[in-house]
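Encoded as structure tokens, the structure appears first; notes follow it.
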Amino acid sequence: MRNTFTKEERLCAKRRIDALFKSGSSFVLYPFRVVFIFEKNNLTDDIPSSQSIISVSKRRFKRAVDRNSIKRMMRESYRLQKSNDLIPFLLKHNVTLYLAIQYVGKQILAYDVFSTAMNKMLKKLQNECAEAYLEKGD
Numbered sequence: 001m002r003n004t005f006t007k008e009e010r011l012c013a014k015r016r017i018d019a020l021f022k023s024g025s026s027f028v029l030y031p032f033r034v035v036f037i038f039e040k041n042n043l044t045d046d047i048p049s050s051q052s053i054i055s056v057s058k059r060r061f062k063r064a065v066d067r068n069s070i071k072r073m074m075r076e077s078y079r080l081q082k083s084n085d086l087i088p089f090l091l092k093h094n095v096t097l098y099l100a101i102q103y104v105g106k107q108i109l110a111y112d113v114f115s116t117a118m119n120k121m122l123k124k125l126q127n128e129c130a131e132a133y134l135e136k137g138d
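In the UniProt record's numbering, the protein residues as written are 1 to 138.
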């Protein structure tokens with residue numbers, strides 16, 4: 001599987017974003033706050049197995065350069081790690097994940113910290129899906 005983060009994998013639909021923040025579940029795993037919602041796929045749908053938003057608060061980081069560098073590191077760590085465990089899990093169980101990853105840290109951290117935190121966050125997300133959604137749905 002290729003490590004990509006294409007346009008189709010980015011959550012852009014306003015209706016889905018509103019539904020995500022209105023009825024989605026969330027957890028905080030420093031330095032990220034994660035809001036997510038799972039949806040069972042129809043066999044005819046040609047939707048990617050996950051769509052996500054990555055955001056950094058303008059209130060905490062006034063300079064766009066800082067916000068952009070944080071978002072760049074978050075996107076890169078998500079892009080490299082999502083195909084290890086999360087995407088095969090979602091494909092196996094025929095589930096679509098809508099995800100918002102928000103940065104809640106107060107300072108710019110090193111890439112290594114982003115990478116390890118993203119790995120922990122993706123594993124926790126997979127566990128949340130397994131226990132909350134699949135046990136009810138299957």
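Positions of the beta carbon are idealized from the N, C-alpha and C atoms, including for glycine.
Query: Quick check on N3: buried or exposed, where buried means 16 or more other Cβ atoms within 10 Å of its Cβ?; Result: exposed
Query: Are there 16 or more other CB atoms within 10 angstroms of the CB of C12, so buried, or fewer, so exposed?; Result: exposed
Query: Only counting the same chain, and skipping five residues up and downstream in sequence, which positions put a Cβ closer than 6 Å to that of D138?; Result: Low local confidence applies: a pLDDT of 49 at D138 is under 50, so the model's placement there is unreliable, with the coordinate-based value given in what follows. Excluding positions up to five away in sequence, the list is empty.
Query: Let's test the definition: count the other Cβ atoms within 10 Å of the Cβ of A100 and tell me whether it reaches 16, buried, or not, exposed.; Result: buried
Query: Is it the case that the stretch 101–115 contacts the stretch 48–66, given that we only count it when at least three CB pairs across the two stretches are under 8 Å?; Result: yes
Query: Can you give the Cα-Cα distance for I70 and A64, rounded to whole angstroms?; Result: 10 Å
Query: Starting from the C-beta of S26, find all residues in its chain whose C-beta is less than 8 Å away, skip the five residues before and the five after it, and write them out in chain order.; Result: R33, V34, V35 and F36
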